[in-house]
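Below: one structure, written as structure tokens.
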């Protein structure tokens, strides 16, 4: 590995591996980049969700002074996000990670299922917020309510029947 930068404005923050696990030599990257983050991408995930795990290294000091300290990986929460100009690179990364043994239909269904689970989580979060407002545990925030009304009233959000079903879920 060589230490190069494409631009003076860029800073290496870590690296990624298609894993599937941590390896002993992954710690050697510290000779090239200070405090790097290692992201392991599971190319054949068995669970829904983002197929990544992120780690950073910390110095582990032994309880007795006879052994020298060593670096170990510690798991850190992470999410995948990109600026608009970076989305193309993320799409290329995710396209390269897809399992070619799965049909396009199965891939679409899996993607839609993951999207629905994400929507379900967001709707539960909204309902939780609204429940706390009703119970007067949180103050009413008109800006949040305005954004909810705009989204739920949007014609692209869902049909009238779907809106009625959604309202029944909240009631």
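In full-length UniProt numbering, the protein residues as written are 1 to 171.
Note that beta-carbon positions come from the ideal geometry of N, C-alpha and C, so glycine has one too.
Cβ pair residue i, residue j closer than 9 Å
i: residue 110; j: residue 48; result: yes
i: residue 56; j: residue 74; result: yes
i: residue 38; j: residue 29; result: yes
i: residue 43; j: residue 51; result: yes
i: residue 41; j: residue 19; result: yes
i: residue 133; j: residue 140; result: yes
i: residue 36; j: residue 12; result: yes
Residue closest to residue i, alpha-carbon to alpha-carbon, out of the options
i: residue 70; options: 58, 77 and 64; result: 58
i: residue 138; options: 146, 129, 145 and 144; result: 129
i: residue 76; options: 87, 54 and 124; result: 54
Simplified DSSP state of residue i, which is helix, strand or coil
i: residue 140; result: coil
i: residue 9; result: coil
i: residue 77; result: coil
i: residue 53; result: strand
i: residue 32; result: coil
i: residue 132; result: helix
i: residue 62; result: coil
i: residue 67; result: coil
i: residue 148; result: helix
i: residue 199; result: Any property of residue 199 remains undetermined from this structure, which presents the chain solely from 1 to 171.
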